[in-house]
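Asks:
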Amino acid sequence: MSYITEEILKIEKKWQKIWEDNKLFQAQNDTAKPKYYVLEMYPYPSGKLHMGHVRNYTIGDVLARFRRMQGFNVLYPMGFDSFGLPAENAAIKNKTNPKEWTEARMNDMVAQMKQIGLSYDWSRFLYSHSEDYYKWNQWIFLQMYKQGLVYKKKSVVNWDPIDNTVLANEQVIDGKGWRSGAVVEKREIEQWFIKITDYAEELLSDLDKLDDWPERVKSMQRNWIGKSEGCMITFDVVDGTGKKIDEIKTFTTRPDTVFGIKYVVLAAEHPKCIEWSKSTEYESPVKDFIADVAKETLIERMAEGKEKNGTALGVFAVNPANGKKVPLWVANYALMDYGTGAVMAVPAHDQRDFEFAKKYQLPVSVVINPKDQDALNADTMSEAFVEVGIMTNSKEFDGVSSDDAKLKMAQWMEEKGFGSRTTTYRLKDWLISRQRYWGTPIPIYYDDDGNPQLIPEEELPVKLPKDVEFGKGNPLETSQTFINYTDPKSGKTYRRETDTMDTFFDSSWYYIRYTDLNDKCIFDKSLANYWMPVDQYIGGIEHAILHLLYSRFFLKFFRDIGLVDESEPFKRLLTQGMVLLSGEVMSKSKGNIVDPDEILKKFGTDSLRMFILFAAPPEDQLEWNDDAIEGSWRFLSRIWKLVEHRFSIVEDELNVSDMDDQDKEIERERNFTIKKVTEDLSSYKFNTAISSLMILMNKIDKYKVPEGALTKQIVLNNVTRSIIQLLAPLAPHMCEELWQKCGATQYSIILEGWPSYDEAALKQDVIELIVQVNGKLRSRISIPADSSKEDVQRLALEDEKVQQFVSSDAIKKFIYVPGKLANFVV
RNA sequence: GGGCAAGUGGUGGAAUGGCAUACACGUUGGACUUAAAAUCCAAUGGCCGUAAGGCCGUGUGGGUUCGACUCCCACCUUGCCCACCA
Numbered sequence: 078m079s080y081i082t083e084e085i086l087k088i089e090k091k092w093q094k095i096w097e098d099n100k101l102f103q104a105q106n107d108t109a110k111p112k113y114y115v116l117e118m119y120p121y122p123s124g125k126l127h128m129g130h131v132r133n134y135t136i137g138d139v140l141a142r143f144r145r146m147q148g149f150n151v152l153y154p155m156g157f158d159s160f161g162l163p164a165e166n167a168a169i170k171n172k173t174n175p176k177e178w179t180e181a182r183m184n185d186m187v188a189q190m191k192q193i194g195l196s197y198d199w200s201r202f203l204y205s206h207s208e209d210y211y212k213w214n215q216w217i218f219l220q221m222y223k224q225g226l227v228y229k230k231k232s233v234v235n236w237d238p239i240d241n242t243v244l245a246n247e248q249v250i251d252g253k254g255w256r257s258g259a260v261v262e263k264r265e266i267e268q269w270f271i272k273i274t275d276y277a278e279e280l281l282s283d284l285d286k287l288d289d290w291p292e293r294v295k296s297m298q299r300n301w302i303g304k305s306e307g308c309m310i311t312f313d314v315v316d317g318t319g320k321k322i323d324e325i326k327t328f329t330t331r332p333d334t335v336f337g338i339k340y341v342v343l344a345a346e347h348p349k350c351i352e353w354s355k356s357t358e359y360e361s362p363v364k365d366f367i368a369d370v371a372k373e374t375l376i377e378r379m380a381e382g383k384e385k386n387g388t389a390l391g392v393f394a395v396n397p398a399n400g401k402k403v404p405l406w407v408a409n410y411a412l413m414d415y416g417t418g419a420v421m422a423v424p425a426h427d428q429r430d431f432e433f434a435k436k437y438q439l440p441v442s443v444v445i446n447p448k449d450q451d452a453l454n455a456d457t458m459s460e461a462f463v464e465v466g467i468m469t470n471s472k473e474f475d476g477v478s479s480d481d482a483k484l485k486m487a488q489w490m491e492e493k494g495f496g497s498r499t500t501t502y503r504l505k506d507w508l509i510s511r512q513r514y515w516g517t518p519i520p521i522y523y524d525d526d527g528n529p530q531l532i533p534e535e536e537l538p539v540k541l542p543k544d545v546e547f548g549k550g551n552p553l554e555t556s557q558t559f560i561n562y563t564d565p566k567s568g569k570t571y572r573r574e575t576d577t578m579d580t581f582f583d584s585s586w587y588y589i590r591y592t593d594l595n596d597k598c599i600f601d602k603s604l605a606n607y608w609m610p611v612d613q614y615i616g617g618i619e620h621a622i623l624h625l626l627y628s629r630f631f632l633k634f635f636r637d638i639g640l641v642d643e644s645e646p647f648k649r650l651l652t653q654g655m656v657l658l659s660g661e662v663m664s665k666s667k668g669n670i671v672d673p674d675e676i677l678k679k680f681g682t683d684s685l686r687m688f689i690l691f692a693a694p695p696e697d698q699l700e701w702n703d704d705a706i707e708g709s710w711r712f713l714s715r716i717w718k719l720v721e722h723r724f725s726i727v728e729d730e731l732n733v734s735d736m737d738d739q740d741k742e743i744e745r746e747r748n749f750t751i752k753k754v755t756e757d758l759s760s761y762k763f764n765t766a767i768s769s770l771m772i773l774m775n776k777i778d779k780y781k782v783p784e785g786a787l788t789k790q791i792v793l794n795n796v797t798r799s800i801i802q803l804l805a806p807l808a809p810h811m812c813e814e815l816w817q818k819c820g821a822t823q824y825s826i827i828l829e830g831w832p833s834y835d836e837a838a839l840k841q842d843v844i845e846l847i848v849q850v851n852g853k854l855r856s857r858i859s860i861p862a863d864s865s866k867e868d869v870q871r872l873a874l875e876d877e878k879v880q881q882f883v884s885s886d887a888i889k890k891f892i893y894v895p896g897k898l899a900n901f902v903v
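Just so you know, we're using my numbering here: the first sequence kicks off at 78 and counts up by one.
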């Protein structure tokens, strides 16, 4: 037999069957054993696995197998994020049912996963469109409702005119729908929201506990939550005659500039714009302006360097710091959904306010001067001064550094009662309503007064109906069986909510459902406490913000209602890089894909796995290379031949006193490689783990075992067995097969444990030392490993090459780093 | 505008204060072969030199250090995230 395609495919099938027949990968709920939970982000059932999937799952599979060999009780499950728009779009296009379409794709992908030999526990398989799963989505919704975390609000939403649905802010990318790419329009409808903002502070501060998350992901989440500390200031609003008609609050991070306020602007969506200008000469220009802003698409509104526009409201705000009256304006650069929708404008010290003031000839007044420079002149300034400086024109605060003034003035405003220190977040509440069929129905009905009422828990799940028509808005509205809800107690019929949930709801808690897939409760608390958190989570960077933020929020919510003790779902996070072909991301639309199936047919899954792991660190982009995968096969082939041609079972024990220097060297390399591979796999440096196995293999090739040399044969056997064990998580099928040829005691190599190494065996008696002169490499000398500094200096000076550069009277300093190098400074 | 990450041979990459380019791919030469493939062996950063050897070299410019790809400062380039966020 040799390591060729025909044999490889036979071996793969053989071992996949043995694993399955013995239920080798089923996680046991044995809470006495140390656990390890490995999870990959469950996929959307898109059709076939692509290289990105293969890379993602290979990484997880290696870690799962490695931890199993180390004796951990490993949970390694798989499932599908199977609700979502594509199934519904396909249903419209092909006149099929979303369920059939989705399940056909799921089946294809599961078959491929099995073909690759991924060691999932299929007894814990789940998918979000099953009634057993989405029932708990509805249950969670009810619990959140009861905790006051769910509310309905009429609001301007992002409307995707191609997918005919509302999009969350997060699903709008550069003003376009994340799936359809259509320019998003604005519409106003009643929507369901989840108050994730209640958890903003904890979601932010707990990021500091996630030591094993990439800094990049944490910083993206921090940006997204967008915490700002500042001050809320209340202004009296007066009409032209000075009569108080109302109040307005503004948020600022610059309380130090409060004496420089020259006007106040409201966002165009602010309801007070119309109210305050009503029945005055300002009403019509204000209305025109608001209409103009409303007409703009998101793209236009967000365009960079956007011209600032506005118009006066005809009313005034009284600056509570100095009692001065300043005009109120409506402007396109104020945002309704951040802060209060109203901004105090300080033209001298904010670039946006400055530009606006210049355009509309509003006054500018300086309250901060630069340190150690001439005072600013408000009339000749060409841009706002935004740096730290010295306070001026600010009464008792004059002369104070503007940095210190921030706190002092905020405190002063608090004492005077018109300001209060506040924290705001950019994070917004989560809009979960979707006017779509293929998602979880929201468990609500409306009473005769139109007030929302909860569907009782015992009636869950609210099932998706089958009598629906696609292609006419929200399909659920076409189902008579669905829209009418009959209260079992009163027998009365009510209208049912037809919105479904954002599919991010499904994926926010699936990881904890794997810990206990029972049908009585969402999950058992003790099992969840045992398995959680996920020790290693693996997925794409595209989920760095939303999915991971929502998941963190859900677990904190579960904790708060007593379902689980953990606060963070994912202990360690790995965001794997993309797979590229000639520098571009592989994509169907570009036609530059390498089909995993083709590679599997040619080289088998072990070679594919080896290539993917070896070609780049897991977080980096991976450039596909047809030649390099052959290199991976070549390496596996050499190990195969090592067992076929050189391994030979010997009953005798190794006798250390019979070992010569070469034997000891191989034995040392064997121990060293075990140490290196163990460390590398623990920190997922698969590429260097493989390279150290290659180095060991190169050394084995040079190690000669003459006919009948018993000691050398035993040494060879030992190193061969170790290399197979170390390789087993990476190339599992071939290693199982070879292990059986090498004196296995168990039916699977996984049950034989992970090889250990002897720290003492790593020591060398004689080492090669680098000798530098003035930091430049000049020679290498062999010295006893335990030499003293004086001995090393003496030995080094005896070296011819060293003598060329050093005369003993010129030595200023001698540096000796034991085991590494010696350096003469002359 | 703010934040984060990265920049090393022909290519993927290794080394995170101590031999720069491990390991692999590719290329070239050789062995084996009637031949090819496969396999095995050798060479492979640049410049100078017949050679021994020397000099230069990790985006750029400074700095710290006996010693810097690695640490510090400034800049350039690329990628990603956020962004009229008050």
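Glycine included, each C-beta is placed from N, C-alpha and C at the ideal position.
1) Do Trp515 and Phe143 have their C-beta atoms closer together than 8 Å?
2) Identify the continuous alpha helix (DSSP H) that holds Arg142 and give its terminal residues.
3) Got a sec? Which residues, its chain only, sit under 6 Å from Leu140 by beta carbon, not counting five neighbours each side?
4) Between Ser478 and Ile622, what straight-line distance do the alpha-carbon atoms span, to the nearest angstrom?
5) Roughly how many angstroms separate the alpha carbons of Pro424 and Thr334, rounded to a whole number?
6) Identify every residue that forms a DSSP beta bridge with Gly307.
7) Closest to Gly317 by CA distance: which of Val539, Pro404, Val233, Ala368 is it?
8) By a C-beta neighbour count over all protein chains shown, 10 Å radius and 16 as the cutoff for buried, is Lys779 buried or exposed?
9) Which residue's Cα is closest to the Cα of Asn851: Val879, Tyr834, Ala838?
10) Check this for me: beta carbons of Ile638 and Met609, under 8 Å apart or not?
11) Any contact between the segment 84–94 and the segment 187–203? By contact I mean 3 or more CB pairs, one from each, below 8 Å.
12) Roughly how many whole angstroms lie between the Cα atoms of Leu508 and Ser232?
13) Quick one: what's Thr592 bridged to in DSSP?
14) Distance, Cα to Cα, Leu390 vs Val342?
15) Identify, in the order they occur along the chain, each residue of the same chain with its Cβ nearer than 7 Å to the Cβ of Arg513, setting aside the five sequence neighbours on each side.
16) Are three or more beta carbon pairs between the segment 681–688 and the segment 656–667 nearer than 8 Å?
17) Can you tell me the Cβ-Cβ gap for Ser79 and Phe157, rounded? I've got them flagged as a contact below 8 Å.
18) Alpha carbon to alpha carbon, how far is Ile827 from Lys100? Give it in angstroms, no decimals.
19) With Lys485 as the anchor, note down where its alpha helix (DSSP H) starts and where it stops.
20) Take Ser585 and list the residues in its own chain whose beta-carbon comes closer than 6 Å to its own, dropping the five residues that flank it on each side.
21) Let me know the secondary structure DSSP gives Ala692 once reduced to three states.
22) Can you tell me which of the three DSSP states Lys890 falls into?
23) From what residue to what residue does the alpha helix (DSSP H) around Val879 run?
24) Please work out which residues of its chain come closer than 7 Å, Cβ to Cβ, to Asp237, disregarding the five sequence neighbours upstream and downstream, and give them in chain order.
25) Can you grab the Cα-Cα spacing for the pair Ser760 / Lys741, in whole Å?
26) Would you mind stating whether Ala808 and Leu713 have Cβ atoms separated by less than 8 Å?
27) Mind checking Pro646: buried by the 16 CB within 10 Å criterion, or exposed?
28) According to the neighbour-count rule (16 or more other Cβ atoms, all chains shown, within 10 Å of its Cβ), is Arg871 buried or exposed?
29) How would you label His722, buried or exposed, when you count the other beta carbons within 10 angstroms and need 16 or more for buried?
30) State whether the segment 396–416 contacts the segment 493–501, with contact taken as three or more CB pairs (one from each stretch) at a distance under 8 Å.
31) Going by other Cβ atoms of all chains shown within 10 Å of its Cβ, with 16 needed for buried, is Arg293 buried or exposed?
32) Considering only the alpha carbon of each residue, which of Tyr340, Trp831, Gly660, Val392 lies closest to Thr357?
33) Using beta-carbon positions only, say whether Ile615 and Glu117 come within less than 8 Å of one another.
34) Run through the DSSP bridge pairs and tell me what Met468 is partnered with.
35) Give me the Cα-Cα distance between Ala434 and Val444, rounded to the nearest whole angstrom.
36) Classify Arg331: buried if its beta carbon has 16 or more other beta carbons within 10 angstroms, exposed otherwise.
Replies: So, from the listed chains and residues:
1) Contact: no.
2) Arg142 -> alpha helix (DSSP H) spans 128–146.
3) Counting only residues of its own chain and dropping the five nearest sequence neighbours on each side, Leu140 has a CB closer than 6 Å to the CB of Val115, Gln613.
4) When rounded, the distance between both Cα atoms is 38 Å.
5) Between Pro424 and Thr334, the C-alpha separation is close to 10 Å.
6) Note: Gly307 is bridge-paired with Thr499 in the DSSP secondary-structure output.
7) Cα-wise, what sits closest to Gly317 is Pro404.
8) Burial state of Lys779 is exposed, judged by a 10 Å Cβ sphere holding fewer than 16 other Cβ atoms.
9) Asn851 has its Cα closest to that of Val879, out of Val879, Tyr834, Ala838.
10) Result no, Cβ atoms of Ile638 and Met609 do not sit closer than 8 Å.
11) Flag = yes, the segment 84–94 and the segment 187–203 touch.
12) Leu508 and Ser232: Cα-Cα distance of roughly 10 Å.
13) BP columns for Thr592 are empty, so no partner.
14) Going by C-alpha positions, Leu390 is about 9 Å away from Val342.
15) Only Leu162, Glu165, Thr242, Asn551, Thr577 meet the Cβ criterion.
16) Between the segment 681–688 and the segment 656–667, the count of C-beta pairs closer than 8 Å stays below three; the two stretches do not touch.
17) No, Ser79 and Phe157 are not in contact; Cβ-Cβ is about 39 Å, not under 8 Å.
18) Separation of Lys100 and Ile827 (C-alpha to C-alpha, rounded to the nearest whole angstrom) is 13 Å.
19) Per DSSP, the unbroken alpha helix (DSSP H) holding Lys485 starts and ends at 479–493.
20) Closer than 6 Å at Cβ, skipping near neighbours: Tyr627, Ser628, Phe631.
21) Ala692: coil per DSSP, three-state reduction.
22) It is a strand residue.
23) DSSP places Val879 inside the alpha helix (DSSP H), whose first and last residues are 877–882.
24) In chain order, Leu244, Gly254, Ser257, Ala259, Val261 place their CB closer than 7 Å to the CB of Asp237, counting only its own chain and leaving out the 5 sequence neighbours on each side.
25) So the alpha carbons of these two residues sit roughly 29 Å apart.
26) Cβ atoms of Ala808 and Leu713: closer than 8 Å.
27) Buried, because 16 or more other Cβ atoms sit within 10 Å of the Cβ of Pro646.
28) By the 10 Å Cβ count, Arg871 comes out exposed.
29) Exposed, because fewer than 16 other Cβ atoms sit within 10 Å of the Cβ of His722.
30) Verdict: yes, contact present.
31) Burial call: exposed.
32) Considering only alpha carbons, the answer is Val392.
33) Their beta carbons are under 8 Å apart, which means Ile615 touches Glu117 by this criterion.
34) Its beta-bridge partners are Ile445.
35) Distance between Ala434 and Val444, taken at the CA atoms: about 16 Å.
36) Classified as buried, Arg331 has 16 or more neighbouring CB atoms from the shown chains inside 10 Å of its CB.
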